[in-house]
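For reference, the structure is listed below as structure tokens.
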Amino acid sequence: MQANINRNKLFVASCLSLLVTSLSFGIRAGILNRLGVDFHLNASQLASIAATAFWGFPLAIVIGGMVVDAIGMKKLLVAAFVFHLAGILLTIFAGGFWTLFLSTLLIGIANGTVEAACNPLVATLYPENKTTKLNHFHLWFPGGIVIGTLIVFFFDKMGISWQVQVAMMLIPTIIYGYLFSRLDFPVTERVASGVSTADMYKAVASPLFIFMFICMFGTAITELFTGQWVGVLLNNVTDNPILILTITTGVMVVGRGLAEPVVHKFSPAGVLLMSAIMAAIGIYLLSSVSGGMIYVAALVFGLGVCYFWPTMIGFVAENIPKSGALGLNLVGGAGMFAVSIYTLFMGGFYDRLLAKQLPEGAVLDTFRSAAAGTPEATQYAQAQLTAGPEVLRATAVIPIILVVAFTVLVIYMRNKKKVTIAGA
1 MQANINRNKL FVASCLSLLV TSLSFGIRAG ILNRLGVDFH LNASQLASIA
51 ATAFWGFPLA IVIGGMVVDA IGMKKLLVAA FVFHLAGILL TIFAGGFWTL
101 FLSTLLIGIA NGTVEAACNP LVATLYPENK TTKLNHFHLW FPGGIVIGTL
151 IVFFFDKMGI SWQVQVAMML IPTIIYGYLF SRLDFPVTER VASGVSTADM
201 YKAVASPLFI FMFICMFGTA ITELFTGQWV GVLLNNVTDN PILILTITTG
251 VMVVGRGLAE PVVHKFSPAG VLLMSAIMAA IGIYLLSSVS GGMIYVAALV
301 FGLGVCYFWP TMIGFVAENI PKSGALGLNL VGGAGMFAVS IYTLFMGGFY
351 DRLLAKQLPE GAVLDTFRSA AAGTPEATQY AQAQLTAGPE VLRATAVIPI
401 ILVVAFTVLV IYMRNKKKVT IAGA
């Protein structure tokens, strides 16, 4: 590590940039229903807006992964600051569907650019402890969602507008932009170790990398789709659906903060298997229970998805190091792209489930915008009680598939370790 590199300040600035990313998720999840009412948007349109963040993210992270070795991590992070600033301001002054769509796209691009630079930055700063430090870095994702959902909850109680809630993201944005503009950066680990571009592309074409790439589809959907849509899906199952997200992400903050002993005891592959089992149980419980038990379900789900994202990235960094920044960012991009497609599909599926519960020929928007206490509003609320849990039950299939996949991974890594020891 170069003498002029202050890795602690770079790590703090990285955490702040990820905080802005997560605030955008937490606050948007909290105000999604409000945006639907204020701008007369149906669930499919809300899904399109939410999904835009998820496909803006992979666009940026994949492109960033391809150029970060050449242009350096600092230029990417300055670009992330510009995109975040523009997206936040456009959201505050949004006038309808298309301005919300564009602003969410800009924020998604900013979020992807942050990950494109910060994942390889953290791996480069802490080569001796990659998975643990990536968990510590990524605890700011659920941490920011906790902060964001609490902002929504308390600001709503005080009657403060959603525009002011979104404006709160400007504070950490300006701070991280200032810090990154002032600090010196190291070169990426692949560049420092002299791994060739040809070797990097060979690494991302290896069977193990392709396997992890595909598994990232499932881990990302399980964590991010459920978290982003829980307020909509369980709106009438509990009086405080946003608190479900707060509990879930609060567990994730604590879990990622305590990642070191967990990862060292069970290995990254073992952690992924345990996570898939807990996530499957958690989503099933969220779709099946009510009352106080729903908060227990949120706790189980939070434990399940806690280690997914950073451990997937950490596994690739540790076990396929020649894939470099491109490998880390392809995995992250795969996850967000999968969430964007799944969100679009499930938004339409949710609307169809609602329509099935309403009188034949009913116009869904009429029931959605009906005044409280009217027969239409009562019927719509009853339809939500059925449709939301049904979407969650369909989603629970994904972590069940992951249980099988990660069982195979654990066996493979154990056999590989035995071969390595025997060869030594």
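At position 13 of the sequence shown (counting the first as 1) the number is 13 in full-length UniProt numbering, and the numbers step up by one without a gap.
Beta carbons: idealized from backbone N, C-alpha and C, even for Gly.
Worksheet item: Tell me which same chain residues have a C-beta within less than 8 Å of the C-beta of Ala396, skipping the five on either side of it?
Response: Excluding sequence positions up to five before and after Ala396, its CB lies within less than 8 Å of the CB of Ala280, Ile283, Tyr284, Ser287, all in the same chain and listed in chain order.
Item to complete: Give every residue of the same chain whose Cβ lies closer than 6 Å to the Cβ of Val195, excluding the five residues on either side of it in the sequence, and list them in chain order.
Response: Listed in chain order, the non-local C-beta contacts of Val195 below 6 Å within the same chain comprise Lys322, local neighbours out to five positions each way being set aside.
Item to complete: Inspect the beta-carbon positions of Gly144 and Ser340 and report whether they are closer than 9 Å.
Response: In this structure, Gly144 sits away from Ser340, with a CB-CB distance that is not shorter than 9 Å.
Item to complete: For Cys215, I'd like the list of residues in its chain whose CB is within less than 6 Å of its CB, leaving aside the five on either flank, ordered along the chain.
Response: Non-local beta-carbon contacts of Cys215 in its own chain, meaning distances under 6 Å to residues more than five positions away in sequence, involve Ala405 in chain order.
Worksheet item: Nearest-angstrom Cα distance between Asn4 and Ile109?
Response: In this structure, the straight-line span from the alpha carbon of Asn4 to that of Ile109 is close to 30 Å.
Discussion item. Quick test of your reading: Thr248 and Gly227, contact by CB under 8 Å. State the CB separation rounded to the nearest angstrom.
Written reply: With a Cβ gap of about 6 Å, Thr248 and Gly227 count as contacting.
Worksheet entry | Start-end ranges of the alpha helix (DSSP H) lying completely within the segment 238-281, minimum 4 residues | You should have 241-257.
Practice prompt. Would you identify the three-state DSSP class for Glu223, choosing helix, strand or coil?
Written response: The answer is helix: DSSP assigns Glu223 an H, G or I state.
Practice prompt. Provide the residue span of the alpha helix (DSSP H) that contains Pro120, from first to last.
Written response: For Pro120, the uninterrupted alpha helix (DSSP H) run begins and ends at 97-125, by DSSP.
Discussion item. Excluding the 5 residues flanking Leu224 on each side, which residues of the same chain have their C-beta closer than 8 Å to its C-beta?
Written reply: Same-chain partners within the cutoff: Phe25, Phe54, Gly335, Met336, Val339.
Worksheet item: Tyr350 by DSSP, collapsed to three states: which one?
Response: DSSP, reduced to helix, strand and coil, places Tyr350 within a helical segment of the structure shown.
Worksheet item: What are the complete beta strand (DSSP E) segments, minimum 3 residues, inside the segment 12-71?
Response: If we require 3 residues or more, the segment 12-71 turns out to have no beta strand (DSSP E) run fully inside it.
Worksheet item: Is it a yes or a no for the segment 61-76 touching the segment 127-143, going by three-plus beta-carbon pairs under 8 Å?
Response: Short answer: they don't touch.
Discussion item. To test your reading of the DSSP string, which unbroken alpha helix (DSSP H) runs of 4 or more residues are found completely within the segment 147-194?
Written reply: As far as the segment 147-194 is concerned, its whole alpha helix (DSSP H) runs of at least 4 residues are 162-167, 170-182, 189-193.
Practice prompt. Determine, using beta carbons only, whether Gly314 and Leu18 come nearer to each other than 9 Å.
Written response: Going by beta carbons, Gly314 and Leu18 fall outside the 9 Å limit.
Practice prompt. Give me the Cα-Cα distance between Ala60 and Gly324, rounded to the nearest whole angstrom.
Written response: One alpha carbon belongs to Ala60, the other to Gly324, and they sit about 17 Å apart.
Worksheet entry | Coil, strand or helix - Ala298 by DSSP | Helix at Ala298.
Discussion item. Looking at the secondary structure, which residues open and close the alpha helix (DSSP H) in which Leu85 lies?
Written reply: Leu85 -> alpha helix (DSSP H) spans 73-92.
Worksheet item: Short check: CB of Gln165 to CB of Ile31, under 9 Å?
Response: Closer than 9 Å, so yes.
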